[in-house]
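Novice: Residue numbers (numbering that gives the first Met the number 0), protein chains in the order written: chain A, 0 to 252; chain B, 0 to 252. Take a look at this one; I'll ask things after.
2 protein chains.
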Amino acid sequence: MSQTVDRALSILPLLAEGPADLGRVADRLGVHKSTALRLLRTLHEHGLVYRQSDQRYRLGARLFALAQEAVENLDIREIAHPHLARLNERCGHTVHLAVYEENEVLYIDKVESRYPVRMYSRIGKPVAITVAAVAKLCLADLPEPERRAFAEKLDYPMYTSRSTPNAPAFLKELARVREQGWATDLGGHEESINCVAAPIRGADGRVVAAMSVSAPNVVVTADELLTLLPLVRRTADAISGEYSGRTSVKDSV
Amino acid sequence: MSQTVDRALSILPLLAEGPADLGRVADRLGVHKSTALRLLRTLHEHGLVYRQSDQRYRLGARLFALAQEAVENLDIREIAHPHLARLNERCGHTVHLAVYEENEVLYIDKVESRYPVRMYSRIGKPVAITVAAVAKLCLADLPEPERRAFAEKLDYPMYTSRSTPNAPAFLKELARVREQGWATDLGGHEESINCVAAPIRGADGRVVAAMSVSAPNVVVTADELLTLLPLVRRTADAISGEYSGRTSVKDSV
DNA sequence: GAAGTGCGTTGCAGGATATGCAACGTTCAT
DNA sequence: ATGAACGTTGCATATCCTGCAACGCACTTC
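Spelled out as structure tokens, the structure:
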């Protein structure tokens, strides 16, 4: 591993907390100011860091562009999107697409029905991994030892009284999800929000992504939402088929 | 400037084009495979690149999270958002917020009325700089020599017959925009889309951002859209006032 | 089935390259 | 006017990165 690059990259999460001046960056990195300066300059030339008018540094524009291109190049997302949109048209609720990557599950697409407000704020954001239905599906597919090790390392914040409380409960839930091939989150993240989710599988049968339908229970009860399960599963299967190359676009009902 | 970091960062835009294997990365960088490997490993440890199942590398998840945090920490965006939402409620059209940074103008917020589809796809994306109304406002505020130099360097793609054709025309338009304090894009980017935009200024009077209202002319004609100009300008001024009032967090505590 | 090809990976020696130091230029507050 | 805080520069040292060559592995070819 390269020390110089390592230090330079450590600056990014540091700046993500908010703008910082040279001294602060140098301190946090544990290097001399002149060293930090050269690293920041290099980051700056690549547009990853921006120098605002008060001379402090913050994350730069290129970062957005990169993240943008990255998300647009995900083929699962591209394949899934029309299916998600169609599902949204039929049921009217919010539809999510998420993938597992490097100890995180994150939303990579979303189609929402009513509220345009802050829609972007979730795309690319890690999900609440211990409670989200899509997270359960992705993690349930990990090999057993890895799954266990991972569950042990997690925090289990009690978002609501129905949040997953600890590792054993989580592992038990994952086992059930793995068994039944779908998952729910009934008020585990926000009291009034329920989700049903289904897995999307690659050609080898491994879960490559998961999709969900979410709705507040002022609109539909959890039971009513569950009646959508067959539709959600069919959609997920259609995406799986198309992604793994077996099926073409037509055979979704 | 640090060579090692420079090389490492050059990998990112390369991967943004699509997944690549080690050999390809090494070739494009002009370094030995073993060197590329070590750089990629370091990027990997920081989550900026991901190694997919076929062993090829692509951009990683942390990139999204970083971009996410970065955009959420922009104080202009935070201040402006409620104003944009309110404007959207009143007129029903798409509302954009954009900033100039390092030779690019990019959208940092958007409130859309009807079509939830692919909403995120524009946030963080560079705008069509030669035609977009918000771009004109940002660039018109640059000091004259810089503005001229910049205009000379640009490409002038003819998106439509009404796109800005070349540097002289662009500079002339910028001068007019600067004069009148607002800008339009009447079918310069997409034939049927019109925009009106107004600048947001900091305490020193410099343009720090620009906002616009866009609508397809099947919904409202360009003339009708122009009747919104006073409302747009009032909104922009309100944001300017609030922004320059408590510019940084420290002096408002 | 054996030999060949392409790919990622490892350890190492040499030297390019990053590092910390000390000194200077500014800006701002006292 | 004086001092402090901060960013910036040039430079000598040695650290850390580089390219090489060899290896393991998977997959293709004859």
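Note that the Cβ used here is the ideal one computed from N, Cα and C, for glycine as well.
My assumption, with CB atoms under 8 Å, is that alanine 69/A sits in contact with isoleucine 199/A. Please give the rounded CB distance.
Specialist: The residue given as residue 69/A occupies position 70 in the first sequence. The residue given as residue 199/A occupies position 200 in the first sequence. That pair is no contact at about 19 Å.
Novice: Determine, using beta carbons only, whether aspartate 5/B comes closer than 8 Å to chain A.
Specialist: On the second sequence, residue 5/B is found 6 positions in, with the first residue counted as 1. Aspartate 5/B counts as touching chain A.
Novice: Nearest to leucine 86/B by alpha carbon, out of Tyr242/B, Ala132/B and Ala235/B?
Specialist: As a working note, residue 86/B is residue 87 in the second sequence. Nearest C-alpha to leucine 86/B: Ala235/B.
Novice: Kindly say whether glutamate 241/B, judged by its beta-carbon, lies nearer than 8 Å to any beta-carbon of chain A.
Specialist: On the second sequence, residue 241/B is found 242 positions in, with the first residue counted as 1. Chain A, which has no Cβ nearer than 8 Å to the Cβ of glutamate 241/B, makes this no.
Novice: Whose CA, out of Leu36/A, Asp20/A and Arg57/A, lies closest to the CA of arginine 6/A?
Specialist: Taking the first sequence and counting its residues from 1, the one referred to as residue 6/A is at position 7. Per the Cα distances, Leu36/A.
Novice: In three-state DSSP terms, what is valine 217/B?
Specialist: Start at 1 with the first residue of the second sequence, and residue 217/B comes out as number 218. Valine 217/B falls in the coil class under three-state DSSP.
Novice: Kindly identify the DSSP beta-bridge partner or partners of methionine 0/A.
Specialist: Position 1 of the first sequence, counted from the start, is the residue given in the question as residue 0/A. The partner list for methionine 0/A (beta bridge, DSSP) is empty, contrary to what the question assumes.
Novice: Tell me which residues of the segment 165-190 of chain B have at least one Cβ-Cβ distance to chain A shorter than 7 Å, keeping chain order.
Specialist: Taking 7 Å as the Cβ-Cβ cut-off against chain A, none of the residues of the segment 165-190 of chain B qualify.
Novice: Closest Cβ-Cβ distance between phenylalanine 149/B and chain A: below 8 Å?
Specialist: Indexing the second sequence from 1 puts residue 149/B at position 150. Not closer than 8 Å to any Cβ of chain A, the Cβ of phenylalanine 149/B fails to qualify, so no.
Novice: Using 8 Å for Cβ pairs, my map puts glutamate 189/B next to threonine 159/B. What's the rounded Cβ distance?
Specialist: Here the question's residue 189/B lines up with position 190 in the second sequence. Here the question's residue 159/B lines up with position 160 in the second sequence. Sure, about 7 Å apart at Cβ, within 8 Å.
Novice: Tell me whether leucine 14/B is buried or exposed, calling it buried when 16 or more other Cβ atoms sit within 10 Å of its Cβ.
Specialist: If you number the second sequence from 1, residue 14/B lands on position 15. Leucine 14/B is buried by the Cβ-count criterion.
Novice: Does any C-beta atom of chain B lie closer than 8 Å to the C-beta of arginine 23/A?
Specialist: Here the question's residue 23/A lines up with position 24 in the first sequence. No, arginine 23/A does not count as interfacial toward chain B.
Novice: Would you say methionine 210/A reaches chain B, if we count a Cβ-Cβ gap shorter than 8 Å as a contact?
Specialist: Against the first sequence, residue 210/A aligns to sequence position 211. No, its Cβ sits nowhere closer than 8 Å to a Cβ of chain B.
Novice: Taking the CB atoms as reference points, tell me whether histidine 82/A and alanine 214/A lie closer together than 8 Å.
Specialist: Locating residue 82/A in the first sequence gives position 83, where the first residue counts as 1. Locating residue 214/A in the first sequence gives position 215, where the first residue counts as 1. Not closer than 8 Å, so no.
Novice: Ignoring anything shorter than 4 residues, give me the alpha helix (DSSP H) runs that lie fully in the segment 50-118 of chain B, in order along the chain.
Specialist: For the segment 50-118 of chain B, whole alpha helix (DSSP H) runs of length 4 or above, ordered along the chain, are 60-71 and 74-90.
Novice: Below 8 Å on the Cβ atoms is my guess for valine 176/A versus leucine 136/A; work out the distance and round it to an integer in Å.
Specialist: Translated into the one-based positions of the first sequence, residue 176/A becomes position 177. Translated into the one-based positions of the first sequence, residue 136/A becomes position 137. Valine 176/A to leucine 136/A, Cβ: 6 Å. Contact.
Novice: Return the Cβ separation of histidine 169/B and asparagine 102/B in integer angstroms, given the expectation that the two are a contact with Cβ distance under 8 Å.
Specialist: Here residue 169/B refers to the residue found at position 170 of the second sequence. Here residue 102/B refers to the residue found at position 103 of the second sequence. Note on residue identity: the sequence assigns phenylalanine, not histidine, to residue 169/B. With a Cβ gap of about 14 Å, phenylalanine 169/B and asparagine 102/B do not count as contacting.
Novice: How about alanine 221/A and alanine 209/A: do their beta carbons lie closer than 8 Å?
Specialist: Translated into positions along the first sequence, residue 221/A becomes position 222. Translated into positions along the first sequence, residue 209/A becomes position 210. Contact flag unset, no.
Novice: What is the DSSP secondary structure of proline 167/B, counted as helix, strand or coil?
Specialist: Taking the second sequence and counting its residues from 1, the one referred to as residue 167/B is at position 168. Here proline 167/B sits in helix by DSSP.
Novice: Sort Gly240/A, Thr34/A and Glu111/A by Cα distance to histidine 92/A and report the nearest one.
Specialist: Start at 1 with the first residue of the first sequence, and residue 92/A comes out as number 93. Looking at the Cα atoms, Glu111/A is the closest of the given residues.
Novice: Which class does isoleucine 128/B belong to by DSSP, given the choice of helix, strand or coil?
Specialist: Translated into the one-based positions of the second sequence, residue 128/B becomes position 129. Note: isoleucine 128/B maps to coil in three-state DSSP.
Novice: Using the DSSP secondary-structure output, state which residues sit across from proline 198/B in a beta bridge.
Specialist: In the second sequence, residue 198/B corresponds to position 199, counting from 1. DSSP output for proline 198/B lists Ala209/B as bridge partner(s).
Novice: From glutamate 44/B to aspartate 53/B, what distance separates their C-alpha atoms?
Specialist: Here the question's residue 44/B lines up with position 45 in the second sequence. Here the question's residue 53/B lines up with position 54 in the second sequence. Each residue's alpha carbon lies about 18 Å from the other.
Novice: Kindly indicate which three-state DSSP category leucine 153/B falls into: helix, strand or coil?
Specialist: Reading the second sequence from its first residue, position 154 is the one you call residue 153/B. Residue state, collapsed to three classes: coil.
Novice: Let me see if you follow: with CB-CB separation under 8 Å, is proline 215/B close to chain A or not?
Specialist: The residue labelled residue 215/B in the question sits at position 216 within the second sequence. Cβ-Cβ to chain A under 8 Å: no for proline 215/B.
Novice: Any beta carbon of chain A sitting closer than 8 Å to that of glutamate 103/B?
Specialist: In the second sequence, residue 103/B corresponds to position 104, counting from 1. True, the Cβ-Cβ gap to chain A drops below 8 Å.
Novice: Between arginine 85/B and chain A, is the shortest Cβ-Cβ distance under 8 Å, so that the two count as touching?
Specialist: For the purposes of this step, residue 85/B is taken as the residue at position 86 of the second sequence. False, the Cβ-Cβ gap to chain A never drops below 8 Å.
Novice: Using a Cβ cut-off of 8 Å, pull out every chain B residue sitting near arginine 65/A, in sequence order please.
Specialist: Position 66 of the first sequence, counting from 1, holds the residue named residue 65/A. A small fix is needed here, since residue 65/A is leucine in this sequence, not arginine. Chain B residues near leucine 65/A: Leu11, Pro12, Ala15, Leu58, Leu62 and Ala66.
Novice: Would you say arginine 37/B lies against chain A (beta-carbon separation less than 8 Å)?
Specialist: Here residue 37/B is taken as the residue at index 38 of the second sequence, counted from 1. Cβ-Cβ to chain A under 8 Å: yes for arginine 37/B.
Novice: Can you round the beta-carbon distance between serine 243/B and glycine 201/B to whole angstroms, since I take them to be within the 8 Å contact cut?
Specialist: In the second sequence, counting from the first residue as 1, residue 243/B sits at position 244. In the second sequence, counting from the first residue as 1, residue 201/B sits at position 202. The pair is a contact, with the Cβ atoms about 5 Å apart (cut-off 8 Å).
Novice: So is lysine 152/B buried or exposed if we call it buried at 16+ other beta carbons inside 10 Å?
Specialist: Your numbering for residue 152/B matches position 153 in the second sequence. Its Cβ having fewer than 16 others within 10 Å, lysine 152/B is exposed.
Novice: Ends of the beta strand (DSSP E) at alanine 182/B?
Specialist: For the purposes of this step, residue 182/B is taken as the residue at position 183 of the second sequence. From DSSP, the beta strand (DSSP E) with alanine 182/B extends over 182-185.
Novice: Determine, using beta carbons only, whether serine 33/A comes closer than 8 Å to chain B.
Specialist: As a position in the first sequence, residue 33/A is number 34, starting the count at 1. No, serine 33/A does not count as interfacial toward chain B.
Novice: Counting along the chain, where does the alpha helix (DSSP H) carrying leucine 36/A start and finish?
Specialist: Residue numbering aside, residue 36/A sits at position 37 when the first sequence is read from its first letter. Note, leucine 36/A: alpha helix (DSSP H), 32-44.
Novice: Can you name the start and end residues of the alpha helix (DSSP H) that glycine 22/A belongs to?
Specialist: For the purposes of this step, residue 22/A is identified with residue 23 of the first sequence, where counting begins at 1. Looking at the DSSP string, the run of the alpha helix (DSSP H) that includes glycine 22/A is 21-28.
Novice: Taking the alpha helix (DSSP H) that proline 229/A belongs to, which residues open and close that run?
Specialist: Residue numbering aside, residue 229/A sits at position 230 when the first sequence is read from its first letter. Run containing proline 229/A: 228-242, per the alpha helix (DSSP H) assignment.
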